[in-house]
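This report refers to the structure that appears directly beneath it.
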Ligand code: GAL
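Numbering (my numbering), first residue to last: 14 to 479.
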């Protein structure tokens with residue numbers, strides 16, 4: 014029987030974000046963010062027309078939820094602060110009710126022995142900030158820095174792990190290329206500017222953190238998705254390298270190494286898409302890199318050389334350089350349409366060790382979304398999500414192997430504790446260890462995977478047939 018025991022003090026827990034769980038989007042002084050606004054104007058873009066006000070009601074139920082987290086083996090939990098709840102207009106007045114709310118959550122977590130990991134930005138631009146251009150506008154970069162400093166001042170004593178942003182490439186892709194987030198722009202050059210300003214904003218926040226003498230560590234959470242080329246053919250390999258530049262190294266290199274890959278700069282120059290920069294930016298980005306890296310991993314990216322020339326009038330996209338490749342025989346999560354490739358998590362970790370100075374890191378999201386999970390309920394109404402347990406085990410084995418090979422990986426947090434609102438998909442795909450019944454006032458029920466996770470945390474590992 015194989016046993017996988019993790020180093021003492023390994024972080025076990027889960028991650029979530031404000032917009033996806035809090036609900037209460039229009040009360041107690043919260044300002045609107047882009048999700049409230051988009052939903053109000055185009056509810057039809059959201060699965061079953063469920064919007065950010067109707068998410069899991071963590072705002073109301075956080076006490077019980079935190080108790081349950083403790084019961085289910087958590088020693089750490091990542092949440093995000095909602096910028097528009099704390100500072101309704103994005104800049105200026107602080108909402109005292111939000112200060113109370115986040116203080117209560119932090120106190121509760123600490124009281125039960127769960128370490129809070131706090132993220133400052135998870136796709137939720139305050140509407141007032143978006144109205145002046147969002148990340149395209151440097152004033153928003155300044156406002157973000159002020160908001161971050163406000164958080165450090167208000168909550169710093171309770172937190173020793175801060176994160177500037179979660180998956181900052183997603184608002185670039187989804188909001189400025191692929192029409193999945195507000196402001197639904199399709200424009201490569203603007204997307205590059207948004208990405209650049211996000212990176213600058215992260216570095217500036219790190220600078221403020223260091224110069225302010227706050228204690229603890231500060232990092233970033235990135236969705237690192239390894240690119241696997243179809244074959245060893247040079248054209249396929251080149252496709253893989255470019256996909257990797259756009260989707261991984263674009264944020265990984267500046268965040269960890271303080272510089273952008275030269276090859277990427279050259280591509281942007283050739284496309285006449287270099288962003289607007291200012292004189293001191295380079296120094297700030299190079300000096301203020303992260304202390305710790307959170308890695309979100311769900312699926313690999315398989316690519317091949319392009320089959321056809323892109324249409325000359327179509328908007329320019331990163332896919333100009335590669336096609337997606339459906340590898341025959343790949344293992345699929347049929348309920349979500351994503352490939353499951355457990356070894357990908359190991360490949361990422363080895364890459365971090367070999368090419369990114371073996372920086373302290375942890376798995377900050379990993380999980381499996383499944384539609385219509387009620388069909389897996391047993392007589393007691395408990396969802397028998399063995400597929401999710403297998404998913405976690407399969408990935409954890411590779412994390413364990415990476416540790417054996419000297420990777421500085423300190424923890425594993427799943428996505429997510431309880432079913433939550435996944436942006437345009439709303440409650441379509443469920444990821445939780447705990448189910449949320451929207452019909453019954455968001456009633457929580459632990460799934461089989463939740464009980465498995467409890468044992469995982471308590472035993473600091475698992476054995477093959479548990
Ligand atoms: C991640 C994101 C989360 C969550 C998850 C599952 O990319 O950080 O907010 O939505 O995907 O869909």
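For glycine and all other residues, C-beta sits at the position ideal for the given N, C-alpha and C.
Residue i: first and last residue of the uninterrupted beta strand (DSSP E) it sits in
{"i": "residue 54", "result": "Unbroken run through residue 54 is the alpha helix (DSSP H), 47 to 54; no beta strand (DSSP E)."}
{"i": "residue 232", "result": "230 to 236"}
{"i": "residue 378", "result": "374 to 378"}
{"i": "residue 305", "result": "305 to 309"}
{"i": "residue 16", "result": "16 to 18"}
{"i": "residue 476", "result": "474 to 476"}
Cut-off 8 Å between Cβ atoms - residues of its own chain near residue i, not counting five sequence neighbours on either side
{"i": "residue 476", "result": "14, 15, 16 and 17"}
{"i": "residue 229", "result": "169, 172, 173, 174 and 175"}
{"i": "residue 88", "result": "24, 25, 26, 126, 127, 128 and 470"}
{"i": "residue 384", "result": "348, 349, 441, 442 and 443"}
Other residues of its chain near residue i: CB distance less than 7 Å, five sequence neighbours each side excluded
{"i": "residue 217", "result": "154, 158 and 297"}
{"i": "residue 189", "result": "198, 200, 203, 204 and 207"}
{"i": "residue 76", "result": "121"}
N-terminal and C-terminal residue of the alpha helix (DSSP H) that residue i is part of
{"i": "residue 278", "result": "275 to 283"}
{"i": "residue 179", "result": "It is not in any alpha helix (DSSP H) - residue 179 instead sits in the beta strand (DSSP E) that spans 174 to 179."}
{"i": "residue 367", "result": "356 to 368"}
{"i": "residue 253", "result": "247 to 257"}
{"i": "residue 499", "result": "No statement about residue 499 is possible, as the shown extent of the chain runs from 14 to 479 and does not include it."}
Bridge-paired residues (DSSP) for residue i
{"i": "residue 314", "result": "240"}
{"i": "residue 390", "result": "396"}
{"i": "residue 24", "result": "424"}
{"i": "residue 460", "result": "Residue 460 is not bridged to any residue."}
{"i": "residue 448", "result": "458"}
{"i": "residue 336", "result": "317"}
{"i": "residue 383", "result": "443"}
{"i": "residue 131", "result": "92 and 175"}
{"i": "residue 345", "result": "352"}
{"i": "residue 322", "result": "Answer is none; residue 322 lacks a bridge partner."}
Beta-carbon proximity list for residue i, same chain, < 6 Å, skipping 5 on both sides
{"i": "residue 41", "result": "110"}
{"i": "residue 366", "result": "420"}
{"i": "residue 444", "result": "380, 382, 428 and 429"}
{"i": "residue 243", "result": "249, 317 and 338"}
Three Cβ pairs or more, each shorter than 8 Å: is that satisfied between the stretch 50 to 57 and the stretch 423 to 432? no
Taking one C-beta from the stretch 345 to 358 and one from the stretch 409 to 422 each time, how about it: are there three or more such pairs within less than 8 Å? yes
Could you say if the stretch 127 to 143 and the stretch 37 to 46 meet the contact criterion of at least three C-beta pairs nearer than 8 Å? yes
Assess contact between the stretch 372 to 386 and the stretch 326 to 341, defined as three or more Cβ pairs (one per stretch) separated by less than 8 Å. Is contact present? Here the stretch 372 to 386 does not lie against the stretch 326 to 341, with fewer than 3 beta-carbon pairs under 8 Å apart.
My parser needs the alpha helix (DSSP H) runs of 4 or more residues fully inside the stretch 33 to 109; what are they? 47 to 54, 71 to 84 and 96 to 99
Indicate whether the contact test is met: 3 or more Cβ pairs, each with one atom in the stretch 95 to 104 and one in the stretch 62 to 69, closer than 8 Å. no
Okay, do the stretch 313 to 320 and the stretch 271 to 283 touch, 3+ Cβ pairs below 8 Å being the bar? no
Could I get the ranges of all uninterrupted beta strand (DSSP E) runs contained in the stretch 133 to 157, with 3 residues as the minimum, in chain order? none
How do the stretch 122 to 129 and the stretch 77 to 88 stand: do at least 3 beta-carbon pairs fall below 8 Å, yes or no? yes
Ignoring anything shorter than 4 residues, give me the alpha helix (DSSP H) runs that lie fully in the stretch 173 to 221, in order along the chain. 182 to 189
For the pair the stretch 300 to 311 and the stretch 230 to 241, tell me if three or more CB-CB distances fall below 8 Å. yes
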